[in-house]
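Peer 1: Residue numbers (this note's numbering), protein chains in the order written: chain A, 332 to 523; chain B, 332 to 523. For every residue, glycine included, the Cβ atom is placed at its ideal position computed from N, Cα and C.
Protein chains: 2
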Amino acid sequence: MDVLKQKILSEGKVLSDTVLKVDSFLNHQIDPVLMQEIGKEFAQRFKGFDITKILTLESSGIAPAVMTGLTLDVPVVFARKRKSLTLTDHLYSAEVYSFTKKESNEISISQDFISSEDTVLIMDDFLANGQAVFGMIDILKQAKARIAGIGIVIEKGFQEGGKKIRQQGYHVETLANIAKLSDGNVTFKKEE
Amino acid sequence: MDVLKQKILSEGKVLSDTVLKVDSFLNHQIDPVLMQEIGKEFAQRFKGFDITKILTLESSGIAPAVMTGLTLDVPVVFARKRKSLTLTDHLYSAEVYSFTKKESNEISISQDFISSEDTVLIMDDFLANGQAVFGMIDILKQAKARIAGIGIVIEKGFQEGGKKIRQQGYHVETLANIAKLSDGNVTFKKEE
Ligand SMILES: Nc1nc2c(ncn2[C@@H]2O[C@H](COP(=O)(O)OP(=O)(O)O)[C@@H](OP(=O)(O)OP(=O)(O)O)[C@H]2O)c(=O)[nH]1
Ligand SMILES: Nc1nc2c(ncn2[C@@H]2O[C@H](COP(=O)(O)OP(=O)(O)O)[C@@H](OP(=O)(O)OP(=O)(O)O)[C@H]2O)c(=O)[nH]1
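See below:
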């Protein structure tokens with residue numbers, strides 16, 4: 332997605348060989364017009380997949396997911412990393428391991444909002460080692476929902492997540508796939 | 332806002348005299364079309380306020396804020412309750428007290444995204460005792476930004492937050508103001 336790649340090149344900051352900071356438009360400040368473009372792009376790529384619902388994870392996944400849900404006209408459910416005032420029981424939960432923190436965290440959704448009747452698009456802002464996406468896949472398997480595919484805004488193609496998820500047969504659509512960050516610059520993968 | 336009030340009446344669950352659950356369209360599952368309507372409503376109510384930016388708080392504030400930002404064509408910044416991989420220094424922070432948990436939590440934004448040049452609309456999903464909004468007001472005062480006003484999706488008018496914020500002279504726009512939950516039903520305040 333060219334307008335996204337341009338934004339990454341002009342506003343992204345390469346913090347290390349493995350971390351790209353895009354706080355100015357995706358992870359802290361959000362560019363709503365760009366989010367709407369992202370929503371339209373995902374809706375286009377997943378047209379005909381009969382999606383009934385989108386599943387994402389708080390917090391950075393919410394804006395891209397809601398714009399995609401707006402274009403596809405489907406509800407969006409965001410999994411929580413902590414229980415909330417109203418999310419307390421009848422949950423589907425999964426463990427998500429953090430390589431950086433070397434600890435597992437539980438993500439949950441209410442059983443009320445995803446059922447075996449649903450065909451779900453999983454979405455997230457970043458795909459790195461894939462733990463968050465595998466957690467959401469686990470949740471959808473518990474709910475016996477059909478998984479339409481996975482929509483990712485920025486994939487770090489040099490990390491394992493994308494490869495592992497595709498090897499399991501899931502359809503992954505990535506809007507910007509980064510081949511490397513290792514010279515302080517962003518290098519995108521060549522698109523086929 | 333009638334379509335929102337209808338949604339609250341048909342899908343909201345009164346959990347107690349003080350808590351309304353709206354997980355099916357605002358706090359866990361999100362209705363993107365309703366969020367777009369909410370965005371247009373806030374944009375209409377704050378037209379002519381010269382807003383340059385919206386400030387909200389993760390997670391439930393994000394969807395309404397991003398839709399409002401889309402209609403007003405301004406960026407949206409969400410304050411974080413915990414540091415993240417890329418939000419670590421040069422922060423404005425404020426304490427937000429929780430009456431339920433009887434503890435304070437720190438919320439933060441990067442100094443990069445709000446300046447004294449900004450005119451900011453504060454937004455949140457619920458207004459109860461107002462601690463989250465006062466935290467965001469504190470942050471904006473540190474940044475020396477002008478505060479255009481506060482946009483709230485659901486206000487519990489029987490709690491103190493709305494009164495305290497208005498008494499300080501801030502312009503508050505609420506889309507659904509609840510007079511009481513105390514008979515197991517939602518009773519809205521009469522609109523002037
Ligand atoms: N900016 C940025 N973020 C990255 C990058 N790689 C991973 N992340 C984000 O970091 C968080 C993952 O951290 P951990 O759970 O500690 O996982 P990890 O060490 O195994 O990667 C996730 O944030 P999250 O759950 O999405 O948090 P939130 O932003 O939704 O609150 C993920 O999206 C990167 O290169 N740049
Ligand atoms: N559903 C619902 N939520 C209410 C109600 N009253 C307050 N809240 C939400 O509860 C959270 C506040 O909890 P505390 O910080 O413990 O504050 P409190 O005890 O002083 O009210 C906030 O969630 P938050 O920060 O917005 O969390 P998040 O949803 O963004 O993650 C607030 O929006 C209510 O009647 N119904």
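1) Alpha carbon to alpha carbon, what distance is there between D514 (chain B) and D528 (chain A)?
2) With a threshold of 7 Å on Cβ separation, who are the neighbours of M366 (chain A) within its own chain once the five nearest residues in sequence on each side are excluded?
3) Do you know how far the Cα of G379 (chain A) is from the Cα of K371 (chain A)?
4) G400 (chain A) versus chain B: which residues are under 8 Å apart at the beta carbon?
5) With a threshold of 6 Å, establish whether the CB of V350 (chain B) neighbours any heavy atom of ligand 2.
6) Consider the C-beta atom of D416 (chain B) and the heavy atoms of ligand 1; say whether any pair is separated by less than 6 Å.
7) Name the chain A residues whose beta carbon is nearer than 7 Å to that of M332 (chain B)?
8) To the nearest angstrom, report how far apart L351 (chain B) and A510 (chain A) are at their CA atoms.
9) Quick one: give me the first and last residue of the alpha helix (DSSP H) that R497 (chain A) is part of.
10) What residues in its chain sit with their C-beta under 6 Å from that of F489 (chain A), if we drop five residues either side in the sequence?
11) When you compare only the Cα positions, how much space is there between E314 (chain A) and V517 (chain A)?
12) For S435 (chain A) and Q462 (chain A), I'd like the C-alpha separation in whole angstroms.
13) Nearer than 6 Å: is that true of the beta carbon of S347 (chain A) relative to any heavy atom of ligand 1?
14) If you run the structure through DSSP and keep just helix, strand and coil, what is Q360 (chain B)?
15) Indicate, with yes or no, if ligand 2 has a heavy atom lying under 6 Å from the CB of S390 (chain B).
16) Rounded C-beta distance between G466 (chain B) and I485 (chain B)? I'm assuming under 8 Å.
17) Rounded to the nearest angstrom, what separates A507 (chain A) and K487 (chain A) at their Cα positions?
18) For a contact meaning CB atoms closer than 7 Å, what does V390 (chain B) contact in chain A?
19) Assuming V407 (chain B) contacts I453 (chain A) (C-beta within less than 8 Å), just tell me the rounded distance between them.
20) Would you mind giving the Cβ-Cβ distance between L471 (chain B) and I445 (chain B), rounded to the nearest angstrom? I have them listed as a contact below 8 Å.
21) In the DSSP assignment, the alpha helix (DSSP H) including D333 (chain A) goes from what residue to what residue?
Peer 2: Quick answer:
1) Coverage of chain A is limited to positions 332 through 523, which leaves residue 528 (chain A) absent and any answer about it impossible.
2) Cβ neighbours of M366 (chain A) beyond the five flanking positions: A394, P395 and M398.
3) Rounded to whole angstroms, K371 (chain A) to G379 (chain A) spans 14 Å at the Cα level.
4) For G400 (chain A), the neighbours in chain B by C-beta distance under 8 Å run, in chain order, I361 and P363.
5) Checking every heavy atom of ligand 2 against the Cβ of V350 (chain B), one is found closer than 6 Å.
6) Strictly speaking, residue 416 (chain B) in this sequence is Leu, with Asp absent from that position. True, at least one ligand heavy atom lies under 6 Å from that Cβ.
7) In chain order: nothing, as chain A lies at least about 18 Å away.
8) Going by the C-alpha atoms only, they are around 47 Å apart.
9) Segment G492 to Q498, the alpha helix (DSSP H) holding R497 (chain A).
10) Excluding residues within five positions, the ones whose Cβ falls inside 6 Å are K511.
11) With chain A covering only 332 through 523, there is no way to say anything about residue 314 (chain A).
12) Using only the alpha carbons, I get a separation of about 10 Å.
13) Here the distance from the Cβ of S347 (chain A) to the nearest heavy atom of ligand 1 is not below 6 Å.
14) Q360 (chain B): strand per DSSP, three-state reduction.
15) The answer is yes for S390 (chain B).
16) Between the beta-carbon of G466 (chain B) and that of I485 (chain B) there is about 19 Å, and that puts the pair past the 8 Å contact cut.
17) Cα to Cα, the separation comes out at about 9 Å.
18) Sequence inspection shows Ser at residue 390 (chain B); the Val mentioned does not correspond to that position. Neighbours of S390 (chain B) on chain A, chain order: E389, S390, I393 and F409.
19) A Cβ-Cβ distance of about 23 Å is found for the pair V407 (chain B) and I453 (chain A), leaving them out of contact under the 8 Å criterion.
20) Here L471 (chain B) really is in contact with I445 (chain B); their C-beta atoms are around 7 Å apart, less than 8 Å.
21) Run containing D333 (chain A): D333 to E342, per the alpha helix (DSSP H) assignment.
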